[in-house]
Every structure is written in C-alpha cells, then in structure tokens.
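Protein chains: 2
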Amino acid sequence: MKLDPQDIEARFRRHAVRVTRQRAAIYAALVETTSHPSADDLYRLVKRQQPMMSRNTVYYTLGVLRNAGLIREVNVGHDMARYDGNVSLHHHLICLGCGQILDVLDEDLNRLQLSNGQARGFDVLRHRVEFHGYCVSCQQAERNVSPRRK
Amino acid sequence: MKLDPQDIEARFRRHAVRVTRQRAAIYAALVETTSHPSADDLYRLVKRQQPMMSRNTVYYTLGVLRNAGLIREVNVGHDMARYDGNVSLHHHLICLGCGQILDVLDEDLNRLQLSNGQARGFDVLRHRVEFHGYCVSCQQAERNVSPRRK
DNA sequence: TGCTATGTAGGAATCATTCCTGTCTAGCAA
DNA sequence: TTGCTAGACAGGAATGATTCCTACATAGCA
Chain A
0 MKLDPQDIEA RFRRHAVRVT RQRAAIYAAL VETTSHPSAD DLYRLVKRQQ PMMSRNTVYY
60 TLGVLRNAGL IREVNVGHDM ARYDGNVSLH HHLICLGCGQ ILDVLDEDLN RLQLSNGQAR
120 GFDVLRHRVE FHGYCVSCQQ AERNVSPRRK
Chain B
0 MKLDPQDIEA RFRRHAVRVT RQRAAIYAAL VETTSHPSAD DLYRLVKRQQ PMMSRNTVYY
60 TLGVLRNAGL IREVNVGHDM ARYDGNVSLH HHLICLGCGQ ILDVLDEDLN RLQLSNGQAR
120 GFDVLRHRVE FHGYCVSCQQ AERNVSPRRK
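Going down the list, the protein sequences come from chains A and B. As numbered in numbering that gives the first Met the number 0, residues 0 to 149 make up the first sequence, in order. As numbered in numbering that gives the first Met the number 0, residues 0 to 149 make up the second sequence, in order.
Take a look at the structure:
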C-alpha cells in the first residue's frame, strides 16, 4: 500500500512517535511491501534514498514503531527477525524452502481461543497461527533436483 | 516422562541415530522435563553428570535429534531456540513475562487447515498455534509493581 | 579385535542485535 | 523566529547464541 508523507506523519503523531526523515522512510518501505523484510533488508532498501542511514537507526526505529503498535515483528524459526507493516489481525503462511511469508486472512483463525482449563489462569492477549510448507516454485525446484522431500 | 536407558537406545536405533553417552543424557533430560529448555539450559543440566560435556556437543546433538524427528525446536520471538522432547502434535501457551511455555493439547487446533484459495499452491506440511499472555505469577507480580500493563 | 565413519571437545569465527557515546534535530516555549 | 532540551542519529565497539574448524576418541560393523 502506497502512503503519502502526510499520512505517515499523521499516523506517527496519532501514536506519539516523533516524525523524522529516517523513520518515515523505514515505515514507508515496510508498509509498501508485502514481503515481510528483515531489518537488514530495510536497511539496504532505505540506504538507497538516504546513504547516511545507519543500520543502528533501523533497529532503533523498528523498536520504536513496534512499541507504538505501528508495525509487527514476525519470527520464523530463530532466523533474523522480520517485520510486517500490516498490524491488522492476520496469520502467516511460510515457505520452508525460500523463506517467503504470505498473509493469511481468516476470521475463524482470528477467533480461536483456549478453554478455561487449557488457559491455566493465563491472561491470554493474542495468538498466532503459522502454516509451514513449500511454495509452488520451491516444490518445482525440489522436483527437478531430487524426487524425495527431505 | 522417565525413560530407561534401553528405551532411549531403542528409540535412537529406530531413528538410525548412533547411541552415545552424551546423546542419551541430552535426550533423557529433554524428555524428562516439560519446561522446554534452551540449548544452554540443557548444557548446564547435563554437565552436572558429565563434566566434560561441551556446549558444542549439545548443539550438534540437538541438530541430530531434530533431524531424526526425535525432538522439536520451539521458537519464541527471536530469543534463543528452545527444545521439546514431546514430538506428538500439540501447540503452546507462552508467558510474555517469564518466558515459560506450556503445552496445549487440542484436537480442534490440530485439525486446522487452509482452504485451497488461502493455500495459494503451497504444499502445507504442518501448522503451529501459539497463545501469548501472562501467567498467574506474572499477573500478580505486575499488579504489585504497577497497576498498568505495558 | 581392528577399521573407519562419525561423534566429541574446545577454541575460534560468525553475525544479528544491542550498547555506548558524541553529535544533531524535532518540537515546544518564549 | 529563535533557543532549548529531550530524544534521535551515526558509527563503532560489544554481546551472545550459534556455527565452524580441527585434532582426538569411539560406536558399531566386518
């Protein structure tokens, strides 16, 4: 989704996030893609427009935006963290081959909850569902290399 | 669950995993706890019986056991990896305060699947559901320190 | 019992992330 | 508009979980 600079500024102010050139660029990059980039992906992306950008600033900004609820962190395995500019309730479909992450929108999944017995006194705030498998290209690649899935 | 040495040996052989003292100790420790320990937790635990144990061997062994399907890796955020000796299909309830992980056994959760449209050609092999919240002690601790949840 | 592929220990290396520090600037107040 | 100050930025150093490397040890077969 494409965002105007003034939309970004308004969102930042609504969430009490100070507006800076760096933050706007990082947030814009994240909202405009559906690819769930890593901190380093964003660093390389944003550095093209702002060569002085520090990797540190990317991490710091991602922390600020996450705490403000403007972005979400997505974790696949214990690989590097990946980020999602879409904070509406949704889940993920993850390719074990190439690591791509697709969004899954499903009201039934959003409504899942534990019974009281299962919750064991927890105050459950949220849940997350991940589907793991192989995307079309990785299935094809696998077939070309070896007929057996490891 | 308590396991005899011969049970462990039989499982290892069934999964074509070479039997060594170190592996047996690491696997036994993992199956006997429900606390989903990290590699380093296991290292410290097992080192008490086998002082020569190397942290490296723990990592290597966990890799071998995971590839053999004898254990599972559980990931919470991008914290260090944690391991689960229970490979039967189940899900997790995670405390955002203290990091403890409880098992959730629920046939309905086990049966979740994506519609063809949602799956977008993926060959979906498995899914995982995580519930995040605060356990009873962390809720109490929070109340004592500050009335506001962050 | 001996051989050999595989496992183990320990140290070095990696690399995502965090910490530190000096400079800069957004956003408020005068 | 200008000045002030808390908070943000850049860049380098530090951290810490994990992996790599290598020489020695051993499981398990012949």
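Using N, Cα and C, we set each Cβ at its ideal position, and we do this for glycine too. Predicted, not measured: the structure shown is a model, and the values here were computed from it.
Simplified DSSP state of Ser53(A), which is helix, strand or coil: Within the first sequence, the letter at position 54 stands for residue 53(A). DSSP places Ser53(A) in coil when its eight states are reduced to three.
Can you give, in chain order, each stretch of the beta strand (DSSP E) that sits fully within the region 69-145 of chain A and has at least 3 residues? 71-73, 81-83, 90-94, 100-103 and 122-133
Beta carbon proximity, Gly98(B) to chain A, threshold 8 angstroms: Position 99 of the second sequence holds residue 98(B). Not closer than 8 angstroms to any Cβ of chain A, the Cβ of Gly98(B) fails to qualify, so no.
Count the other CB atoms within 10 Å of the CB of Val103(A); is the residue buried (16 or more) or exposed (fewer)? To locate residue 103(A), count along the first sequence from 1; it is residue 104. Its Cβ being crowded by 16 or more others within 10 Å, Val103(A) is buried.
Check whether the Cβ atoms of Tyr133(B) and Leu101(B) sit closer than 8 angstroms, and answer yes or no. Taking the second sequence and counting its residues from 1, one reaches residue 133(B) at position 134. Taking the second sequence and counting its residues from 1, one reaches residue 101(B) at position 102. No, Cβ-Cβ distance for Tyr133(B) and Leu101(B) is not below 8 angstroms.
Buried versus exposed call for Arg12(A) [16 or more other C-beta atoms within 10 Å across all chains shown]: The residue given as residue 12(A) occupies position 13 in the first sequence. Burial call: exposed.
Quick check: what's the CA-CA separation for Ile25(A) versus Val75(A)? For this step, residue 25(A) is matched to residue 26 along the first sequence. For this step, residue 75(A) is matched to residue 76 along the first sequence. Those two C-alpha atoms are separated by around 21 angstroms.
Spell out whether any CB of chain A is found under 8 angstroms from the CB atom of Asn74(B). Within the second sequence, numbered from 1, the residue matching residue 74(B) stands at position 75. For Asn74(B), the answer is yes, since a Cβ of chain A falls inside 8 angstroms of its Cβ.
Using a beta-carbon distance below 8 angstroms, is Gln49(A) in contact with chain B? As a working mapping, residue 49(A) is identified with position 50 in the first sequence. No, its Cβ sits nowhere closer than 8 angstroms to a Cβ of chain B.
Determine the chain A residues that contact Glu129(B) at a beta-carbon separation under 7 angstroms, and present them in chain order. Within the second sequence, the letter at position 130 stands for residue 129(B). Ordered by position in chain A, the residues that pass the 7 angstroms Cβ test against Glu129(B) are His126 and Arg127.
Ala15(A) at chain B interface by Cβ criterion, 8 angstroms: Position 16 of the first sequence holds residue 15(A). Ala15(A) does not count as touching chain B.
Considering Ala9(A), what are the terminal residues of the alpha helix (DSSP H) in which it resides? By 1-based counting over the first sequence, the position of residue 9(A) is 10. It spans Pro4 to Arg13 - the alpha helix (DSSP H) in which Ala9(A) sits, taken as one unbroken run.
Same chain only: Cβ atoms within 7 angstroms of Asn109(A), ignoring 5 sequence neighbours per side: Within the first sequence, numbered from 1, the residue matching residue 109(A) stands at position 110. So the qualifying residues of the chain are Leu88.
Span of the alpha helix (DSSP H) holding Arg22(B)? Position 23 of the second sequence, counted from the start, is the residue given in the question as residue 22(B). Arg22(B) -> alpha helix (DSSP H) spans Arg20 to Glu31.
Any Cβ of chain A within less than 8 angstroms of the Cβ of Leu92(B)? The count along the second sequence starts at 1 and reaches residue 92(B) at position 93. Leu92(B) has a beta carbon lying within less than 8 angstroms of a beta carbon in chain A.
Which chain B residues sit within Cβ distance under 9 angstroms of Val123(A)? On the first sequence, residue 123(A) is found 124 positions in, with the first residue counted as 1. Those within 9 angstroms of Val123(A) in chain B are Leu92, Phe130, His131, Gly132 and Tyr133.
Please check the pair Glu72(A) and Arg127(B), which I expect to be a contact at CB under 8 angstroms, by giving their CB distance rounded to whole angstroms. Translated into the one-based positions of the first sequence, residue 72(A) becomes position 73. Translated into the one-based positions of the second sequence, residue 127(B) becomes position 128. In fact, because the Cβ distance is near 17 angstroms, the residues do not count as touching under 8 angstroms.
Any chain B beta carbon closer than 8 angstroms to Ser145(A): Within the first sequence, residue 145(A) is the residue found at index 146, counting from 1. Per-residue confidence for Ser145(A) stands at a pLDDT of 48, beneath the threshold of 50, marking its modelled position as unreliable; no derived number is given.
Can you list, in chain order, the residues of its chain whose CB lies under 6 angstroms from that of Val18(B), leaving out five sequence neighbours each side? Here the question's residue 18(B) lines up with position 19 in the second sequence. Cβ within range, chain order: Glu8 and Phe11.
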